[in-house]
Structure formats: structure tokens, C-alpha cells
Amino acid sequence: MAISNELRNFFIFTISIIVLSVGYYIYISFNYPPIAEHETFLSELGESIGEIGLWFIAFIYTRTVLKLILGKGTLSKRILPKYSPSIDASLFQGVIHLLDRTHIYFGAGLVVIILLHVALMGIPMHILFFPAVLLLVIWQGVFGLFISWRRTSKQIKKFSYFVHAQLFSGIMIGVFSYLGHVFIDN
């Protein structure tokens, strides 16, 4: 069974990001001192808020995974053009509708939660994983806002949807966040 060019590119991109990020992780592990953990009320609150952020991410990407499995949406059609799910998609129509309707609220909440988590934790910005995650989160938030804002022109809305609906930013946010947290925890 041949895979689509889009799916192949997705795998190549994902593997490339992981390899480059692991290389950078090894570099910073040898060239930067360990980051001392400060046990304060605000840092503990920041950790709890970060865990809430993980649940928001899980909720948001459950929607993406479910749509891919069911062959719904433009992303699924682009990545898996010949895919025909063996599961009846109508069984999940209510769940998909709920996830679609609440996506904007969880997305906006996630941007706020991540920014609050970073502010309370005092993340070291010299470790490039963290500014990259911040930029990607703000990127997703801004273009998500343009998609949902009623006064956005059709051209900007179309461009915003194209930029916001890319899985590459989610991959980078996940990989960079994970390796950044592993570095801090060691």
C-alpha cells in the first residue's frame, strides 16, 4: 500500500524535528548547567496550571486524531486522500460536533494557560525550546483568532485557516515542550 506524498512529508518532517531536537537537547545537556528548581508557591501553581494545559492539549488533539481516523475534514483528505474508514463516522457525529464547537474556547484557554504557566515558572529563555514554543503558541492563537473573528476578510481568514490548521506546529510544540521539560527535570 503506497502512502500519499503529504503523509510521507509529514513523517519526514516529524522525524527531522525529533532528530534535530534530540541533537539540540544533547548539546544543551553538555553546554548548559542544570536549572535549579525553585519550590515556591507560584512555581507550584505554575506546575498545576501546566498540567491543566496538558489536558487542554489532549482535548484539542483528540479532535484532530478522531477526524483523521474517521476520514473527516480537509486535513484528513489531504494527508490520507484514498483512506476509507471501516468505522461508521455517523456514530461519532455528535462528539465531533461538540469538539468542533468547543475547539475555539479550549484553544484560547490553552494560549492563556501556557502563557500563565511560563510566567509563573520563570522558564529560562536561553534554552531555545522555550521561546520556540511561546512563538508557536502565539502563532496558533493569533491565526485561530483571525479564523473566528467575524470582521476578518475572506483572504485573511483563508490564509489563517491554512496556517492554523497545519499539524507541523502541533508537532513542534509537542516535541519542544517535552524535551524542554525533560531538560529542566534532569
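Going by my numbering, the letters in the sequence shown line up with residues 1 to 186, in that order.
Glycine residues also receive a C-beta, built at the ideal position from the N, C-alpha and C atoms.
Source: prediction; values computed, not measured.
Local Cβ density within 10 Å of residue i, reported as buried at 16 or more and exposed below that
i       : result
Leu-110 : buried
Ile-123 : buried
Gly-23  : exposed
Gly-94  : exposed
Tyr-27  : exposed
Arg-197 : Beyond the ends of the chain as shown, which are 1 and 186, falls residue 197; an answer cannot be given.
His-97  : exposed
Phe-56  : buried
Leu-136 : buried
Endpoints, alpha helix (DSSP H) assigned at residue i
i       : result
Ala-36  : Here Ala-36 belongs to no alpha helix (DSSP H), and DSSP marks it neither H nor E.
Ala-241 : Limits of the chain in this structure are 1 at one end and 186 at the other, which puts residue 241 out of reach.
Leu-145 : 129-148
Ser-48  : 41-70
His-181 : 167-185
His-164 : 154-164
Lys-82  : Per DSSP, Lys-82 belongs to no alpha helix (DSSP H) and is neither H nor E.
Whole-angstrom C-beta distance between residue j and residue i, which should lie under 8 Å
i       : j       : result
Ser-16  : Phe-176 : About 13 Å separates the two Cβ atoms, so there is no contact after all.
Ser-160 : Phe-183 : Not confirmed; about 33 Å, so no contact.
Ile-113 : Gly-53  : 4 Å
His-117 : Ile-49  : 5 Å
Met-125 : Gly-46  : Their Cβ separation, rounded to whole angstroms, is 15 Å, which puts Met-125 and Gly-46 out of contact at 8 Å.
Phe-92  : Leu-70  : 6 Å
Phe-129 : Phe-13  : Between Phe-13 and Phe-129 the Cβ distance is about 17 Å, and since that is not below 8 Å, they are no contact.
Thr-74  : Leu-99  : So it is not a contact: roughly 16 Å between Cβ atoms.
Closest Cα partner of residue i within the set the options
i       : options                               : result
Val-65  : Ser-76, His-97 and Lys-154            : Ser-76
Gly-144 : Val-133, Phe-106 and Met-125          : Phe-106
Phe-10  : Pro-33, Ser-84, Met-172 and Glu-51    : Met-172
Asp-185 : Ser-153, Ile-79, His-38 and Pro-85    : His-38
Ile-79  : Val-163, Ser-4 and Arg-101            : Ser-4
Leu-134 : Gly-180, Arg-150, Arg-63 and Lys-158  : Gly-180
Asn-31  : Leu-136, Ile-127, Arg-150 and Gly-170 : Ile-127
Trp-139 : Arg-101, Val-19, Ala-58 and Gln-166   : Gln-166
Gly-170 : Gly-141, Arg-151, Ala-89 and Lys-72   : Gly-141
Tyr-83  : Thr-152, Glu-6, Val-163 and Ala-119   : Glu-6
Pro-81  : Asp-88, Ala-89 and Lys-72             : Lys-72
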